[in-house]
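Mapping of the sequence shown onto the UniProt record's numbering: residues 1 to 145, in sequence order. All C-beta atoms, glycine included, are put in the ideal place defined by N, C-alpha and C. Single-structure report; data block below.
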Amino acid sequence: MDSRLQKQLSDGDIDANGNRLNENDHVTLECESVGLKYCFSFSDYKRMNNPNTSEKEDVDDDKIEVSETSRGKYNHYSESQKERFWQMVGKEGCSVYRAALLNGIKLQTAYTWKNNWNRQVIEELNGIYRTPKKRGRKPKNVDST
């Protein structure tokens with residue numbers, strides 16, 4: 001015990017919790033009388049809490065369903081597809097739906113392009129000019145020494 005936490009008294013010691021201890025008093029612990037291995041068996045504890053040995057149903061790997069990601073493959077649209085789409089939407093007055101179907105562009109992509117275009121036009125009318133975000137990693141710093 002820490003000497004700062006104890007007070008020496010004539011009839012015994014008092015620890016930090018206020019317990020009075022005498023040199024003659026000795027408490028026999030269960031582990032001392034029976035042996036340490038009977039108080040706690042680490043192997044029993046591991047056996048009870050090991051997820052590999054616990055009682056579980058054996059399931060075949062073939063029966064486990066693997067969920068697919070929600071995103072599909074990324075489509076890279078050619079410049080000619082994009083130009084035809086914007087020509088149909090802008091100059092010919094075609095709907096986004098029809099222009100996307102005729103050019104082989106997914107509807108969600110086409111509507112995203114249109115919404116971004118509308119937002120950009122409104123921001124420019126209000127005097128807000130934003131530079132587009134740079135894509136990809138920043139180049140490594142190369143020292144020319």
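Taking C-beta to C-beta, are residue i and residue j nearer than 7 angstroms?
| i | j | result |
| --- | --- | --- |
| V121 | A110 | no |
| N115 | R84 | no |
Roughly how many whole angstroms lie between the Cα atoms of residue i and residue j?
| i | j | result |
| --- | --- | --- |
| E92 | W86 | 9 angstroms |
| Q108 | A100 | 9 angstroms |
| M88 | N75 | 20 angstroms |
| K82 | R98 | 14 angstroms |
| N126 | N118 | 13 angstroms |
| L5 | N17 | Summary for L5: the model assigns pLDDT 45, below 50, so the residue's position carries little reliability; its value from the coordinates is reported in the next sentence. Taking the straight line from one Cα to the other gives about 9 angstroms. |
| E65 | W113 | 35 angstroms |
| R137 | D44 | 53 angstroms |
| Y77 | N50 | 52 angstroms |
| K134 | R47 | 55 angstroms |
| N141 | G90 | 43 angstroms |
| P139 | E79 | 26 angstroms |
| E124 | I105 | 27 angstroms |
Buried or exposed for residue i, going by 16 or more other Cβ atoms inside 10 Å?
| i | result |
| --- | --- |
| I128 | exposed |
| T131 | exposed |
Entirely enclosed alpha helix (DSSP H) segments - the stretch 97 to 138, minimum 4 residues | 107 to 125
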